[in-house]
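Residue numbering for the sequence shown is -39 to -1, 1 to 625, as defined by mature numbering (1 follows the signal peptide of the UniProt record, and there is no 0). Note that the Cβ used here is the ideal one computed from N, Cα and C, for glycine as well. Data block below; observations after.
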Amino acid sequence: MTSLAEPRRRRTAGRARGRATTALAALLTSAGMAATALAGPAAAAPAPATGTAADAAPALIPALQDWTPGSGALHLGPDTRIDTDAAGEATARTLAGSLHDARGWVVPVVRGPAKPGDIVLRTDPGRSELGSEGYQLSIGDEAVITGAGAAGLFYGTQSVLQMLTSGTDLPAGSTTDVPSSRERAVGVCACYTYNTDAWFTRLIKDMGYLKLNTLHLELKVKNDQYPAVNTFSYYTKPEIRRLVALAARYHITVIPEINSPGHVDPYLTPYPDLQLKNAAGTPDPTRLDVTNPASFAFYTQLIDNDLSVFPGPYFHMGADEYMINSAYSNYPQLLAYARQKYGANATPQDAYIDFINRVDAYVRSKGRTLRIWNDGLTGANTIPLNKDIVIEHWLPEKETTQQLLDSGYQVMNATDAWYYVRGGYQPDAQRLYNANWSPLDFADGTVTDPDSRVTGAEYMVWPDNYGKENENTVQQRMFTSLRAFAQGTWGSPRPAADYTAFTTLAASLGHAPGWGPQWVQPLPAGTFRIHGTAGALTAPATAGSPLGIDPNAPAGSGNWQLQPTSDGYYHLVAADSGLCADVSRGQTNNMHVVEQAGAAATAETCGTSESQKWQLEPAPGGYRIVDAITQQALDAPGSGAVVQQPRDAAAHDVWHFETAGGAA
């Protein structure tokens, strides 16, 4: 087998997936597709396997599966209506909102009969050839979108919205557009960091625009039963419910993940009795002791907490890198447990598989399907992994993707060729697009899938070096590669002959209506006096000292220069000392970011640190000041140091900015 999916080293720092996949690099070389460095020149583009979309077809991302041109065009404008049946009502309302965002039109939603110039939504469950997500679009006197279900109708409306980016005339013609992959996923590990509600809202809107239908989230949900796990970052249940509801509006299934039995330190650090201990008795907060019944009870409660706010059909338990930077032989209790339960021929890996199978049974009892990463499937186990588990394949292992498929497993293509690592590498989308990558091109080779067990593919965003890259920059930099991925997963003929032309097309189609603005800078550059409830914000003259509050600061003292940055934030520079407000001292997580609630904000020598960037979030009476990296807000609990607090703290200071010439 050869592979179009160039391997990379997975997650560095505290979450490193550290194995170099040199064997696969050799496969690529033998296929004439040697790996290129991120900053290096792109590999020569091979001829596309399926050709490009017809010249007459509207150029969309993902491209239409086919196009039969008609004569003339349909003009849309403020008089356009959306005529829908009952099943299409929600989609019609969403489309009306998007047309207002895109064009400023106030478009009524009506129930027939259709008139020339209307957009018509019709549901026909008998159109089985469309599946659950396909649609037919016919443009003549009206633009008629037919789907077997609501998702197909929705995707048809997204094609119409993309056509409107080039003008208000839709070309006459028709298409039957059906995706080739069931799952077209984006994964986000907000597992050590906090991505804002605004960031996720923009992502979800763009996913809908690109016909991506699955959002995989590794994050922490605030837990009332185990409050010790509620170290930041976490999301409150109301935040998650809002996110899930928004995703449903855009026909996106949300899959939660709580990683175990490895990478579980965001939860396990306060509980040494549940941590796996080595032969010397030293506990490891990154590894759950799968032989301890209390560990299973703890983990299943975490699952219950997630399932209370994530209603979808899946739960992901991670199960990756349990033994990263270690070995099973360092933990003799695993072998003892396995042999006691499965006999003298059992291996330590059987204890790991046993834990996954027990979690699977628990998840099935809740009406959900379990998913895992593949790298723990080394072939060293003697007991089988349950066949109902969906395997997300990112790393070549002894058991190949083809073998997993042939054994009857459902497998998702999660190749690390589509990994975006904050502050690190990005997908080589140019090489993948020019090579006509498809979800059948796994990290260990291209597979055959006669029984349609490949569920689809996933684009992942990892936080490894997130202290070096803020979320605004991430969203900006993933723009084109995410679109190339969407094209590959829909499986239609490419809309542009090469990546250069594709990049131009992507820019012309832009973001989803209502996506922005991304840069929120409500105040201009200038010098301000910043004061909260307890007094004026002050900065010391010595670098490394905490910011303070002075309730008696005289007018004109303690001024701050507000300096907008090019990526949507501000620097707060003390006018007297020239030092910058920062959060860089305090207890750090394993990615070297100060996420300690209550850590003091300090004055530091101004530099390139991302933690010296601040958001001003409008609040009644002023603004909340939020660090761009820690995503915690500044609070002055009294006349002492100014500290950062999580967003759901009982109270936050609302800061007022007063210019030298008056209030702002």
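Inter-residue spacing [alpha-carbon to alpha-carbon] between Asp609 and Thr118: Indexing the sequence shown from 1 puts residue 609 at position 648. Indexing the sequence shown from 1 puts residue 118 at position 157. Going from the Cα of Asp609 to the Cα of Thr118 covers about 37 Å.
6 Å Cβ shell around Thr13 - same chain, five flanking residues per side excluded: Within the sequence shown, numbered from 1, the residue matching residue 13 stands at position 52. With a pLDDT of only 44 at Thr13, under the threshold of 50, the placement of this residue in the model should not be trusted, and no figure is reported.
Own chain residues within Cβ distance below 8 Å of Gly340, not counting five before or after: The residue labelled residue 340 in the question sits at position 379 within the sequence shown. Around Gly340: Glu358, Lys359, Glu360.
Closest by C-alpha distance to Thr55, when choosing among Ser120, Tyr211, Arg42: Residue mapping note: residue 55 aligns to position 94 of the sequence shown, counting from 1. For the residues Ser120, Tyr211, Arg42, the minimum Cα distance to Thr55 belongs to Tyr211.
Neighbour-count burial assignment, Pro274, 16 or more Cβ in a 10 Å radius: Looking up residue 274 in the sequence shown gives position 313. Pro274 comes out exposed.
Simplified DSSP assignment, three categories, for Trp379: Position 418 of the sequence shown, counting from 1, holds the residue named residue 379. It is helical.
Rounded separation between Ile106 and Val121 - CA only: As a working note, residue 106 is residue 145 in the sequence shown. As a working note, residue 121 is residue 160 in the sequence shown. Each residue's alpha carbon lies about 9 Å from the other.
DSSP bridge partner residues for Tyr260 (one or two, in chain order): In the sequence shown, the residue the question calls residue 260 occupies position 299. Beta-bridge annotation (DSSP): Tyr260 is not paired with any residue.
Neighbourhood of Gln123 by C-beta, 6 Å cutoff - its chain only, sequence neighbours within 5 removed: Residue mapping note: residue 123 aligns to position 162 of the sequence shown, counting from 1. The residues are Leu21, Leu470.
Buried/exposed call for Pro140, threshold 16 Cβ in 10 Å: Here residue 140 refers to the residue found at position 179 when the sequence shown is read from its first residue. Flag for Pro140 reads buried.
Burial state of Ala307 (16 or more Cβ within 10 Å): Start at 1 with the first residue of the sequence shown, and residue 307 comes out as number 346. Its Cβ being crowded by 16 or more others within 10 Å, Ala307 is buried.
The stretch 308 to 327 contacting the stretch 231 to 251, beta-carbon criterion three pairs below 8 Å: The answer is yes - the stretch 231 to 251 touches the stretch 308 to 327, with three or more Cβ pairs under 8 Å.
Among Asn395, Asp377, Thr464, nearest to Met421 - alpha-carbon criterion: Looking up residue 421 in the sequence shown gives position 460. For the residues Asn395, Asp377, Thr464, the minimum Cα distance to Met421 belongs to Asp377.
Which residues DSSP lists as bridging His354, in chain order: Counting from one through the sequence shown, the residue named residue 354 turns up at place 393. Asn374.
Cβ-Cβ separation, Arg143 to Gly417 (assumed contact under 8 Å), whole Å: On the sequence shown, residue 417 is found 456 positions in, with the first residue counted as 1. On the sequence shown, residue 143 is found 182 positions in, with the first residue counted as 1. Correct: roughly 5 Å between the Cβ atoms.
Spatial neighbours of Gly73 in its chain, beta-carbon cut-off 6 Å, leaving aside the 5 residues before and after: The residue labelled residue 73 in the question sits at position 112 within the sequence shown. Once the five neighbours on either side are set aside, the close Cβ partners of Gly73 are Asp44.
Bridge partners - Thr563, DSSP secondary structure assignment: Locating residue 563 in the sequence shown gives position 602, where the first residue counts as 1. The partner list for Thr563 (beta bridge, DSSP) reads Pro507, Asp543.
Terminal residues of the beta strand (DSSP E) in which Asn520 lies: In the sequence shown, counting from the first residue as 1, residue 520 sits at position 559. Its beta strand (DSSP E) spans residues 520 to 525.
Limits of the unbroken beta strand (DSSP E) element including Gln97: By 1-based counting over the sequence shown, the position of residue 97 is 136. Its beta strand (DSSP E) spans residues 96 to 100.
First and last residue of the uninterrupted beta strand (DSSP E) at Met421: Here the question's residue 421 lines up with position 460 in the sequence shown. Met421: member of the beta strand (DSSP E) spanning 415 to 423, first to last residue.
Pairwise C-alpha distance: His617 and residue 627: This structure does not reach residue 627, given that the chain is present from -39 up to 625, and the question cannot be answered.
Simplified DSSP assignment, three categories, for Val139: On the sequence shown, position 178 is the one that residue 139 refers to. Coil, per DSSP.
Simplified DSSP state of Ile219, which is helix, strand or coil: Your numbering for residue 219 matches position 258 in the sequence shown. Of the three classes helix, strand and coil, the one that applies to Ile219 here is strand, per DSSP.
Length of the line joining the Cα atoms of Lys238 and Thr52: Counting from 1 along the sequence shown, the entry for residue 238 is found at position 277. Counting from 1 along the sequence shown, the entry for residue 52 is found at position 91. Cα to Cα, Lys238 sits roughly 53 Å from Thr52.
Straight-line gap, Pro217 to Ser93 (C-alpha atoms, nearest Å): Taking the first residue of the sequence shown as position 1, residue 217 is located at position 256. Taking the first residue of the sequence shown as position 1, residue 93 is located at position 132. Going from the Cα of Pro217 to the Cα of Ser93 covers about 23 Å.
Residue from Arg83, Gln448, Glu90, Ala497 with nearest C-alpha to Asp614: Reading the sequence shown from its first residue, position 653 is the one you call residue 614. Out of Arg83, Gln448, Glu90, Ala497, Ala497 has the C-alpha closest to the C-alpha of Asp614.
Alpha carbon of Val606 to alpha carbon of Thr566, nearest angstrom: Within the sequence shown, residue 606 is the residue found at index 645, counting from 1. Within the sequence shown, residue 566 is the residue found at index 605, counting from 1. The sequence shown places Gln at residue 606, rather than the Val named in the question. Distance between the alpha carbons of Gln606 and Thr566 is about 23 Å.
Residues bridged to Gln606 [DSSP beta-bridge criterion]: Numbered from 1 along the sequence shown, position 645 holds the residue referred to as residue 606. Beta-bridge pairing links Gln606 to Ala594.
Backbone CA spacing between Tyr531 and Gly428 [nearest angstrom]: Stepping through the sequence shown from its first residue, residue 531 is reached at position 570. Stepping through the sequence shown from its first residue, residue 428 is reached at position 467. Computed Cα separation, rounded: 16 Å.
Top-ranked residue by Cα proximity to Tyr584, from Thr247, Arg145, His492, Pro309: Here residue 584 refers to the residue found at position 623 when the sequence shown is read from its first residue. Of the listed residues, the one whose Cα sits closest to Tyr584 is His492.
For Gly110, the nearest candidate out of Phe193, Pro400, Glu50, Tyr386 (CA to CA): Counting from 1 along the sequence shown, the entry for residue 110 is found at position 149. Answer by Cα proximity: Glu50.
Test item: CB-CB of Gly134 and Gly38 under 8 Å: The residue you call residue 134 lines up with position 173 of the sequence shown. The residue you call residue 38 lines up with position 77 of the sequence shown. Not in contact: Gly134 and Gly38 (Cβ atoms no closer than 8 Å).
Integer Cβ distance of Pro23 from Ala447, believed to fall under 8 Å: Locating residue 23 in the sequence shown gives position 62, counting from the first residue. Locating residue 447 in the sequence shown gives position 486, counting from the first residue. Sure, about 5 Å apart at Cβ, within 8 Å.
Beta-bridge pairing of Arg325 - partner residues as DSSP gives them: By one-based count along the sequence shown, residue 325 stands at place 364. In DSSP, Arg325 forms no bridge with anything.
Option nearest His553 by Cα separation, candidates Asp425, Thr162, Gly599: Numbered from its first residue, the sequence shown carries residue 553 at position 592. The option with the nearest alpha carbon to His553 is Asp425.
Enclosing beta strand (DSSP E) for Arg332 [first to last residue]: In the sequence shown, the residue the question calls residue 332 occupies position 371. First-last of the beta strand (DSSP E) with Arg332: 330 to 334.
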